[in-house]
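One structure is given below, encoded as structure tokens.
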Amino acid sequence: MGSYIEIDSGAWASMKEHDPEEMIYMINLLKFRDTVKEGLGIDGRKGRDAWMNKYGAGVNAVAERLDTGLEVVVLNDARATMLGLPGEEWDMIAIVRYRTRANFIEMIEDEEYQRVMKYRNGSLENSRLIECVINKPEDYPSTLDKGEPTERLIGNAHANGDERMKSFRDRDAEQPIFMLNLIRCKAETDPGVGLDGMDGGAGYQAYGDAMERDYHEDVGMSVPWKFYPCATIIGPQDEQWDQAFLVSYPSRKAFRNMVTDSSYRTGNQLLRDASVLDSRLIETTPAIR
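If you read the sequence shown in my numbering, its first letter stands for residue 35, the second for the next number, and so on.
Here it is in structure tokens:
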């Protein structure tokens, strides 16, 4: 997998064609450099520190001046990419709300932001930026007319994926966690699991309904944030998503018990896998600032 730091020009042009007054949320997936690129005047500084403080202070000043309504609604450390491709070993996720799409575009094209952006780019080894809205699009699932992903992940981890997932059991079993899910739906569900004749969006909704019925209350899980992605602004353009949502679990133990439960493996998971074309799953915990 390559490294993605810059905005995709095609995705940027497409973004400008959508409703400028719609509220948007930007999901940032961030992998930091150990130390920033040389030549920024902050040589030797840790990538995370530069992004959080040097870039963060600069972008907040621009956003406030332009009255963009910028609000960081989620800032979590990424503990492991449970489902992901090589190179997607993220360090942090940040979900940022903007009052309107026009506000975000104005900020990115602002001259002062363009000067500040060097600290972002110089602090990162890899990244994704996913534009989302909170209202389900009329054409949901929206990815059906887009090219298929080069490599798909549905239910099993990539053989060369994030090594940190192997130490899941070694981390604090009682610590609350938040799982970020990225889902791309199939055009048509797989047969044989009771979802015949559905598109993947309807099939995934059936899976979600089954999860709420069978596990939400018993496990203590909830979905504090749910979004509908519009575009991958930074990242490979074959990575396109229909849903993005954060699931809260009271503990790692609760999550592990759920996904290893025989009823889940032989029932609910079959509904999920029959409906999903591609997916990502990232274990996160609230960031220590």
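C-beta atoms are modelled at their ideal positions from N, C-alpha and C, and glycine is treated no differently.
Problem set entry | Nearest neighbour of residue 167, chosen from 314, 283, 277 and 318 [CA to CA] | Position 133 of the sequence shown holds residue 167. It is 277.
Exercise. Under the three-state reduction of DSSP, which class applies to residue 147: helix, strand or coil?
Worked result: In the sequence shown, residue 147 corresponds to position 113, counting from 1. Note: residue 147 maps to helix in three-state DSSP.
For this session: Report the three-state DSSP secondary structure of residue 59 (helix, strand or coil).
Result: Stepping through the sequence shown from its first residue, residue 59 is reached at position 25. Here residue 59 sits in strand by DSSP.
Problem set entry | First and last residue of the uninterrupted beta strand (DSSP E) at residue 161 | Sequence index remark: in the sequence shown, residue 161 carries index 127 (1-based). That run of the beta strand (DSSP E) goes 158 to 167.
For this session: Assign residue 201 to buried or exposed, taking buried as 16 or more other Cβ atoms, counted over all protein chains shown, within 10 Å of its Cβ.
Result: For the purposes of this step, residue 201 is taken as the residue at position 167 of the sequence shown. It counts as exposed.
Exercise. Do residue 253 and residue 207 have their CB atoms nearer than 8 Å?
Worked result: Position 219 of the sequence shown, counted from the first residue, corresponds to residue 253. Position 173 of the sequence shown, counted from the first residue, corresponds to residue 207. Result no, Cβ atoms of residue 253 and residue 207 do not sit closer than 8 Å.
Exercise. Which whole runs of the beta strand (DSSP E) in the stretch 107 to 145 are 3 residues long or more, in chain order?
Worked result: 126 to 132
Problem set entry | Cβ pair residue 304, residue 227 closer than 8 Å | As a first step, residue 304 must be located in the sequence shown, where it is residue number 270. As a first step, residue 227 must be located in the sequence shown, where it is residue number 193. Result yes, Cβ atoms of residue 304 and residue 227 sit closer than 8 Å.
For this session: Ignore the nearest five residues each way along the sequence and tell me which others in residue 58's own chain have a CB closer than 8 Å to its CB.
Result: Indexing the sequence shown from 1 puts residue 58 at position 24. Around residue 58: 131, 132, 134, 135, 138, 165, 166, 167 and 264.
Problem set entry | For residue 69, the residue or residues it bridges with in DSSP | Here the question's residue 69 lines up with position 35 in the sequence shown. 80, per the DSSP bridge assignment.
Exercise. My guess is that residue 215 and residue 315 are in contact by the Cβ rule of under 8 Å, so how many angstroms apart are they, rounded?
Worked result: Looking up residue 215 in the sequence shown gives position 181. Looking up residue 315 in the sequence shown gives position 281. Contact holds; Cβ gap of about 6 Å.
For this session: Tell me whether the beta-carbon of residue 171 lies closer than 8 Å to the beta-carbon of residue 262.
Result: Position 137 of the sequence shown, counting from 1, holds the residue named residue 171. Position 228 of the sequence shown, counting from 1, holds the residue named residue 262. Going by C-beta atoms, residue 171 is nearer than 8 Å to residue 262.
Problem set entry | Chain-order list of residues whose beta-carbon lies under 8 Å from that of residue 174 (same chain, five-residue window excluded) | In the sequence shown, residue 174 corresponds to position 140, counting from 1. If we look at residue 174 and ignore the five residues flanking it on each side, its Cβ neighbours are 235, 262 and 276.
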